[in-house]
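A short write-up of the structure that comes next.
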Amino acid sequence: MAINALYHQSPVRLEEELRIIEKAKVNPAHFGPLYSRYHESIFRYIFRRVEDVEAAYDITSQVFVKAIGALPKFEYRGVPFSSWLFRIAKSELYQFFRDNKANRMVSIDSVRIGQVMDEFMEDHSEEDRERLLKVLPLLKEDQLQLIEMRFFEKRSFREIGEIVGLTENNAKVKTFRALIKLKQLFNKK
Amino acid sequence: MIKILVDRPEPDTLSIKKRQDFDKVLRSYEKQQRVFHNPWFFGVVGFSCLLIMLSILIPI
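Going line by line, the protein sequences match chains S and P. Be aware that the first sequence starts at 677, since it is given in this note's numbering, and climbs by one per residue. Be aware that the second sequence starts at 17, since it is given in this note's numbering, and climbs by one per residue.
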């Protein structure tokens, strides 16, 4: 599985980041390095869920505006700063869907569809893949989110847990259950 | 309604970097702060609240 370098930071880098956060709490102008570091990953997270590219850029900006505003409340308790940002991104995203009555989107690489299919069966055809794409939207939103983060974005269970507010173990269990549900829907179709 | 897109082309790192604008983010943040820290904002909100309270408390 691919490692998210931004998530798995060295202690030195983590300390440096915490120093920047403390400075930015006093003066938001110091937030710049954190903005540069996380802008792309936050944008990609949003882009994969929103159809309009410009809207994705706007939501990304709004995420950072909100983050600067909420920064004085941020306390490091073992949860990486990036996960805190992703939580804000998730909340801004759902706010966008509500305000604009926009469609929720799921972006998938065809290679990753195959990897999900591997969880169901050894050999799968093009027809099976099409069937999977049809049943994916039938999952509940929280289940879809877990499948999306685990299989399409290749996040660790720990990171998923921190983004959705679950323990690592709970994230693992719930993702497994979501996969079973997906399998049931797939076999029903 | 959930829409599934397969193999949607993603913007490359360079084009995403070009769209980074921290000054704009900072300006938006400061603008928001100005609204909430402006005494006029609380003056208007406070006055409206007072009028609502009075209209409830004082029978016509």
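For every residue, glycine included, the Cβ atom is placed at its ideal position computed from N, Cα and C.
- When 8 Å is used as the limit between beta carbons, Met-781/S is near these residues of chain P: Ile-18, Lys-19, Ile-20, Leu-21, in chain order.
- With fewer than 16 other CB atoms across the displayed protein chains lying within 10 angstroms of its CB, Ala-705/S is exposed.
- Judged by DSSP in its simplified three-state form, Arg-780/S adopts strand.
- Annotation: the continuous alpha helix (DSSP H) that includes Lys-848/S extends over 844 to 864.
- In this structure, DSSP gives Lys-19/P an extended state, which the three-state scheme calls strand.
- Residue-level contact check: Ile-32/P touches chain S, since one or more beta carbons of chain S fall below 8 Å from its beta carbon.
- In terms of beta-carbon proximity, Arg-50/P stays away from the interface with chain S, with every pair separated by 8 Å or more.
- Counting every other CB atom within 10 Å of its CB across the protein chains shown gives Thr-843/S a total below 16, marking it as exposed.
- Put simply, the CB of Glu-727/S is near chain P, with a gap under 8 Å to one of its CB atoms.
- Check the Cα spacing between Glu-751/S and each of Ile-696/S, Leu-815/S, Val-782/S: the tightest is with Ile-696/S.
- Taking Arg-780/S as reference, the option from Ala-732/S, Lys-864/S, Lys-699/S with the minimal CA-CA separation is Ala-732/S.
- Here Phe-750/S carries a coil assignment [DSSP, helix/strand/coil].
- For Asp-794/S, the uninterrupted alpha helix (DSSP H) run begins and ends at 786 to 796, by DSSP.
- Taking C-beta separations shorter than 6 Å and ignoring five residues to either side along the sequence, the partners of Ile-823/S in its chain run Ala-854, following chain order.
- Following the DSSP letters along the chain, one finds Pro-709/S inside the alpha helix (DSSP H) bounded by residues 708 to 723.
- About 12 Å separates the beta carbon of Arg-763/S from that of Ile-836/S, a gap too long to meet the 8 Å contact definition.
- Under the Cβ criterion of 8 Å, Arg-720/S is counted among the residues facing chain P.
- Look at Gly-837/S here: in three-state DSSP terms it is helix.
- Think of a sphere of 8 Å around the beta carbon of Ser-759/S: no beta carbon from chain P falls inside it, the nearest being about 20 Å out.
- At a cut-off of 8 Å between C-beta atoms, Val-41/P counts as an interface residue with respect to chain S.
- Counted as a single uninterrupted DSSP element, the alpha helix (DSSP H) harbouring Ser-31/P occupies residues 29 to 34.
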